[in-house]
Amino acid sequence: MNWKIQKLQNGETIISKEPGNSMLPLLKSKQPVKLQPIQWKDCKTGDIVYCKVRGNCFTHLVKGKNNKRGLLIGNNHGRINGWTKNVYGKVIEILPMS
Numbered sequence: 006m007n008w009k010i011q012k013l014q015n016g017e018t019i020i021s022k023e024p025g026n027s028m029l030p031l032l033k034s035k036q037p038v039k040l041q042p043i044q045w046k047d048c049k050t051g052d053i054v055y056c057k058v059r060g061n062c063f064t065h066l067v068k069g070k071n072n073k074r075g076l077l078i079g080n081n082h083g084r085i086n087g088w089t090k091n092v093y094g095k096v097i098e099i100l101p102m103s
């Protein structure tokens, strides 16, 4: 299990920097964000969450919600990654690039 998931599951708020341009223009590659622990049931469409879909961890958008399937996760360019209930954190603040 990665350190981010461990800290979030322990109730800690963390700073994360994810590489990639799939969330432009909302987030730049390695843009620091503050993640607060959250359960998938407390998320809503439009939230940016740190989650695991098919074995991969992403900071991506919640595109939909279904009580049986969980959250539909995708990037900011229309790609859908899939359904998951493995949601660990929600972006509560986008920090400036250092």
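Under this note's numbering, think of the first position of the sequence shown as 6, with each following residue one higher. The beta carbon of each residue, even a glycine, is placed where N, CA and C say it ideally should be.
Which listed residue (the options) has its alpha carbon closest to that of residue i
i, options, result
"Gln-41", "Val-58, Lys-95 and Asn-91", "Lys-95"
"Glu-23", "Lys-33, Val-58 and Gly-51", "Lys-33"
"Gly-87", "Lys-68, Glu-98 and Asn-72", "Lys-68"
Environment of residue i [buried if 16+ CB atoms lie within 10 Å]
i, result
"Gly-75", "buried"
"Lys-49", "exposed"
"Thr-89", "buried"
Per DSSP, cross-strand counterpart(s) of residue i
i, result
"Gly-75", "Asn-71"
"Thr-89", "Leu-76"
"Gly-94", "Pro-42 and Tyr-55"
"Ile-20", "Lys-39"
"Ile-99", "Val-38"
* Asked: Quick one: complete beta strand (DSSP E) runs, 3+ long, within the segment 32-66?
  -> Those beta strand (DSSP E) runs which fall completely within the segment 32-66 and span 3+ residues are 37-42 and 53-58.
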